[in-house]
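Trainee: Residue numbering for the sequence shown is 94 to 701, as defined by our numbering.
Glycine included, each C-beta is placed from N, C-alpha and C at the ideal position.
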Amino acid sequence: MEFDMHMWVGFAVISLAMLAYGSERLSMELTSLLVILSFMLLFTFAPLTDADGVLLISSSDMLAGFANPALITIMALLVMAQGLFQSGALEKLIDQASRRAARSPELAILAVLFAAMIASAFLNNTPVVLMVIPVLAAMAGRAASKASPYMMALSFITILGGMLTLIGSSTNLLVADTAERLGMHKIGFFEQTIPGLVLMAVGSVYVLFVMPRIMKSREAEADDSDTDSGRQFIIELRLRYGDSLIGAETAAGFLPALSGMTLQMIESGGQTLLPPFDDHRLRAGDKLYIAATRREIADALAQKVHPLRDHLMQLVPNEGDSGEDLMLAELVVAPGSRMAQRAIGQTGFTHTTDCLIIGLQRRSRMLRHEMSDIRLKAGDVLLVIGQQSAIEGLRHNRDTLLMEWSARELPRFEKAGRARLIFALTVLAAASGFVPIVLAALAGAVGMVTSGVLNVRQASRGFDLRIFLVVAAALAMAQSMEVTGGAALVSSNFLGLFDTDNPALVLSAFFLLCAVVTNLLSNNATAVLFTPLAVNLAAALNVDPMAFVLAVIFAASCSFATPIAYQTNLLVMTPGNFRFIDFIRAGIPLVVILWLTYSLFAPWYFDL
Numbered sequence: 094m095e096f097d098m099h100m101w102v103g104f105a106v107i108s109l110a111m112l113a114y115g116s117e118r119l120s121m122e123l124t125s126l127l128v129i130l131s132f133m134l135l136f137t138f139a140p141l142t143d144a145d146g147v148l149l150i151s152s153s154d155m156l157a158g159f160a161n162p163a164l165i166t167i168m169a170l171l172v173m174a175q176g177l178f179q180s181g182a183l184e185k186l187i188d189q190a191s192r193r194a195a196r197s198p199e200l201a202i203l204a205v206l207f208a209a210m211i212a213s214a215f216l217n218n219t220p221v222v223l224m225v226i227p228v229l230a231a232m233a234g235r236a237a238s239k240a241s242p243y244m245m246a247l248s249f250i251t252i253l254g255g256m257l258t259l260i261g262s263s264t265n266l267l268v269a270d271t272a273e274r275l276g277m278h279k280i281g282f283f284e285q286t287i288p289g290l291v292l293m294a295v296g297s298v299y300v301l302f303v304m305p306r307i308m309k310s311r312e313a314e315a316d317d318s319d320t321d322s323g324r325q326f327i328i329e330l331r332l333r334y335g336d337s338l339i340g341a342e343t344a345a346g347f348l349p350a351l352s353g354m355t356l357q358m359i360e361s362g363g364q365t366l367l368p369p370f371d372d373h374r375l376r377a378g379d380k381l382y383i384a385a386t387r388r389e390i391a392d393a394l395a396q397k398v399h400p401l402r403d404h405l406m407q408l409v410p411n412e413g414d415s416g417e418d419l420m421l422a423e424l425v426v427a428p429g430s431r432m433a434q435r436a437i438g439q440t441g442f443t444h445t446t447d448c449l450i451i452g453l454q455r456r457s458r459m460l461r462h463e464m465s466d467i468r469l470k471a472g473d474v475l476l477v478i479g480q481q482s483a484i485e486g487l488r489h490n491r492d493t494l495l496m497e498w499s500a501r502e503l504p505r506f507e508k509a510g511r512a513r514l515i516f517a518l519t520v521l522a523a524a525s526g527f528v529p530i531v532l533a534a535l536a537g538a539v540g541m542v543t544s545g546v547l548n549v550r551q552a553s554r555g556f557d558l559r560i561f562l563v564v565a566a567a568l569a570m571a572q573s574m575e576v577t578g579g580a581a582l583v584s585s586n587f588l589g590l591f592d593t594d595n596p597a598l599v600l601s602a603f604f605l606l607c608a609v610v611t612n613l614l615s616n617n618a619t620a621v622l623f624t625p626l627a628v629n630l631a632a633a634l635n636v637d638p639m640a641f642v643l644a645v646i647f648a649a650s651c652s653f654a655t656p657i658a659y660q661t662n663l664l665v666m667t668p669g670n671f672r673f674i675d676f677i678r679a680g681i682p683l684v685v686i687l688w689l690t691y692s693l694f695a696p697w698y699f700d701l
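(1) Under the DSSP definition of a beta bridge, which residues are partnered with Lys380?
(2) Are the region 324-332 and the region 377-396 in contact at 8 Å, needing three or more beta carbon pairs?
(3) Identify the residues that DSSP records as bridge partners of Gly479: which are they?
(4) What do you reckon, are the CB atoms on Ser131 and Val563 nearer than 7 Å?
(5) Taking C-beta to C-beta, are Leu267 and Ala620 nearer than 7 Å?
(6) Rounded to whole angstroms, what's the CA-CA distance from Ala393 to Thr443? Just pull it up for me.
(7) Identify, in the order they occur along the chain, each residue of the same chain with its Cβ nearer than 8 Å to the Cβ of Arg435, setting aside the five sequence neighbours on each side.
(8) Any idea what DSSP makes of Ser318, helix, strand or coil?
(9) Measuring CB atoms only, is the region 573-586 touching the region 614-629, in the sense that at least three cross pairs come out at less than 8 Å?
(10) Applying the criterion that 16 or more other CB atoms from any shown protein chain within 10 Å of the CB defines a buried residue, is Pro349 buried or exposed?
(11) Rounding to the nearest angstrom, what Cα-Cα distance links Asp403 and Thr446 in this structure?
(12) Considering just the uninterrupted stretch of the beta strand (DSSP E) at Ile450, what are its terminal residues?
(13) Quick check on the burial criterion: 16 or more other C-beta atoms within 10 angstroms. Buried or exposed for Pro625?
(14) Mind checking Phe138: buried by the 16 CB within 10 Å criterion, or exposed?
(15) Would you identify the three-state DSSP class for Ser415, choosing helix, strand or coil?
(16) Leaving out the 5 sequence neighbours to the left and right, which residues in its chain are closer than 8 Å to Asp473 when beta-carbon positions are compared?
(17) Verify whether the separation of the beta carbon atoms of Leu148 and Val102 is less than 7 Å.
(18) Would you report the Cα separation of Asp372 and Gly669, rounded to the nearest angstrom?
(19) Any heavy atom of the ligand FMN inside 6 Å of the beta-carbon of Leu351?
(20) Based on the DSSP output, what are the partners of Arg501 in its beta bridges?
(21) Residues in its own chain within less than 7 Å of Ala483 by CB, not counting five upstream and five downstream?
(22) Roughly how many whole angstroms lie between the Cα atoms of Phe671 and Ser241?
(23) Go ahead and pull the three-state DSSP assignment for Ala313.
(24) Considering only residues of the same chain and omitting the five flanking positions on each side of Gly429, which have a CB-CB separation below 8 Å?
(25) For Ala212 versus Ala512, is the C-beta distance shorter than 7 Å?
(26) According to DSSP, what are the bridge partners of Ala580?
(27) Ser318 to Leu405, Cα distance in whole Å?
(28) Does the Cβ-Cβ distance between Met293 and Met244 come in under 7 Å?
(29) Identify, in the order they occur along the chain, each residue of the same chain with its Cβ nearer than 6 Å to the Cβ of Ala658, setting aside the five sequence neighbours on each side.
(30) Confirm, please, whether the CB-CB distance from Ala169 to Val642 is below 7 Å.
(31) Enumerate in chain order the residues of its own chain whose CB-to-CB distance from Leu164 is below 6 Å, with the five nearest sequence positions on each side excluded.
(32) Mind checking whether Met224 and Gly254 have CB atoms under 7 Å apart?
(33) For Ser573, which option in Ser525, Phe623, Val528 has the closest C-alpha, if you only look at C-alpha atoms?
(34) In the DSSP assignment, the beta strand (DSSP E) including Thr493 goes from what residue to what residue?
(35) Does the Cβ of Lys279 have 16 or more other Cβ atoms within 10 Å, making it buried, or fewer, making it exposed?
(36) Can you round the beta-carbon distance between Tyr691 and Ala654 to whole angstroms, since I take them to be within the 8 Å contact cut?
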């Protein structure tokens, strides 16, 4: 009876945890800590022993998840992804993919989505999506189409890409580790690749060619501000003696040294020159008014030698004094701001914030006035540069609203090569099987820091506390279910609903159940909770357990039907101007398609 008590208390804790995760009334981090605490209290004050009095599980076992190799691997891979993100290593590759298909904007968008999908097979999806969002926004603008359908496609396509390899998703690593602890063989790096390719291929057809039609009606509702990543800011560049642009000539209204940026106006010798500039030769004292996207500006500032960098770095307050990396951020002039109706030069912004206004964007029209003389209005968007501490201080500025998502450090392109090398060596080491994946990932993460790609502070940003705590709690729940007999009970009752002579039907129903739960609960928690059930079901049916374990991997990744199901869905929600119902409308068909595909493919592949 005591054994049953532990099992039912465990079920109660798990049920309450699922409700708490789904309702979000408590943070996922706090819920996870409460779960671990509950199990520790249970096994401390009501020890679980076998018939001989031997302790089966202790309260300290509930903390074992924090040292789980799969969790350590996930954290290390997140740090490596931060290194690739910080160095801009993937931006160059994505740019190359888009340039190769530059003649056709639609083809270029497909090329970028394909590149993102391949990258997500080896990387955490979040940094991949963050890097691709501004690229898609700009490309959608060139294609004269809305960015929204491509934003949802980006999130979905990276989730599909994560199904291809063992390190493609934290879900994969957790399922593999849990299955191995339950007595299964060690799952190989590419063991899931063939069924993963099938699901990815079928799912990609829907995402790229069918889903845009479903989302067509949303395009009419979406405002032109689907994303701000492709909008242009006006920058003022005043040439001084010795500047690299002195003596340069405009060619057909463009400056080759400012490739990708648009020259709006030149003030030279008291004259105002507008396009075309008729081969004007630049000289000291000229003022250039340039229109460029935030990404183009960031790329220019990240280069060792660039006219824009040479000019602006001389003006940034305290640049280089504290060793802090510089950050770009976007601010909105707040309603009722003291800066409104005042010229930029009269606001004292740089003096009071230690940040420099380098660009301005106003929705009504493109500006062609000296930057310091422009009178600000509520709603104007300012692009500013400053050290991290100064940018963070802008959160308390009542005259402006800091767009939190926009505050990012400048990429360090000079580190991109070594970041790619470290990542490639890590993947090769993990795929070869010569060293454990956890060792390869940990070595790669340490390599990112020791090689100078990241400093310790930047590396710590890759550490996701939510994932860390949710996974640790999920491992505690799974261990409790297994030891108390809860997993066996659920498996036997689940089997009782079906004909045990038809394993394919049981597998199909199991996949669907897991796919439904993952859209209501964390995908990592779903993966860890369902893996013991998968192993028990396979044993009861006397079939290859890989069929059920891979069902957990793929079904737990079917996080398409709600925006809260997966972090990348939330990332694209704002730039895509999506509502909750949009994910239901576009995501449920994809879940059904993947369920049917696996239900048809797996029985043949695993000979069920």
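Mentor: So, to answer that:
(1) Arg331, Glu360
(2) yes
(3) Met420
(4) no
(5) yes
(6) 22 Å
(7) Arg468, Leu469
(8) Residue confidence for Ser318 is low, a pLDDT of 42 falling below 50, so the modelled location carries little weight and cannot support an answer.
(9) yes
(10) exposed
(11) 22 Å
(12) 449-454
(13) buried
(14) exposed
(15) The pLDDT assigned to Ser415 is 48, lower than 50, so where the model puts this residue is not dependable; a value taken from the coordinates is nonetheless given after this. Three-state result, Ser415: coil.
(16) Val425, Val426, Leu453, Gln454, Arg455
(17) no
(18) 41 Å
(19) The model on display carries no ligand, and the ligand FMN is accordingly not part of it.
(20) Leu421
(21) Thr446, Asp447, Cys448
(22) 8 Å
(23) No answer about Ala313 holds up, because its pLDDT of 46 lies below 50 and its placement is not dependable.
(24) Ala471
(25) no
(26) Paired residues: none, contrary to the question.
(27) Interpretation of Ser318 is limited by its pLDDT of 42, a score under 50 that renders its predicted location unreliable; no figure is taken from the coordinates.
(28) no
(29) Asn612, Ser652
(30) no
(31) Val564
(32) no
(33) Phe623
(34) 493-495
(35) exposed
(36) Their Cβ separation, rounded to whole angstroms, is 16 Å, which puts Tyr691 and Ala654 out of contact at 8 Å.
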